[in-house]
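*Asks:*
Numbering (full-length UniProt numbering), first residue to last: 1 to 127.
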């Protein structure tokens with residue numbers, strides 16, 4: 001992922017964490033001199049939490065694009081990477097069971113899926 005291609009440029013800002021230690025004061029002064037010579041007044045400073053949000057959003061976009069390119073049973077019924085929504089707070093195991101039912105993966109169909117064969121359909125409902 002290259003944030004630079006999206007018009008973002010990352011620069012690190014030196015923040016001294018120690019005072020009154022001669023060697024450290026010299027290091028701080030050298031860092032300040034370097035920063036003041038490279039930063040212009042038009043440079044925007046991005047906070048860590050803002051940068052984290054940018055990176056998180058970029059990864060979600062990449063994941064969503066990859067999700068759209070997949071051809072799976074789950075992708076056929078769930079067209080995005082958002083969480084399933086349930087009307088009430090449910091345990092994770094319940095969500096797993098519902099998802100398996102939605103995609104047709106049960107103990108009955110498991111062997112057919114592993115053998116890459118079509119599972120039989122119900123004579124009454126056609127599912």
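All residues carry an ideal CB built from backbone N, CA and C; glycine is no exception.
1) With a cut-off of 8 Å on the beta carbons, I'd call residue 81 and residue 63 a contact; round off their distance for me.
2) According to DSSP, is residue 97 part of a helix, a strand, or is it coil?
3) Which residues bound the alpha helix (DSSP H) around residue 109?
4) Suppose you measure from the CA of residue 87 to the CA of residue 99; what does that come to, to the nearest Å?
5) Verify whether the separation of the beta carbon atoms of residue 78 and residue 49 is less than 9 Å.
*Replies:* Here's the rundown:
1) Under the criterion of beta carbons closer than 8 Å, residue 81 and residue 63 qualify as touching, at roughly 6 Å.
2) helix
3) Its alpha helix (DSSP H) spans residues 107-114.
4) Going by C-alpha positions, residue 87 is about 15 Å away from residue 99.
5) no
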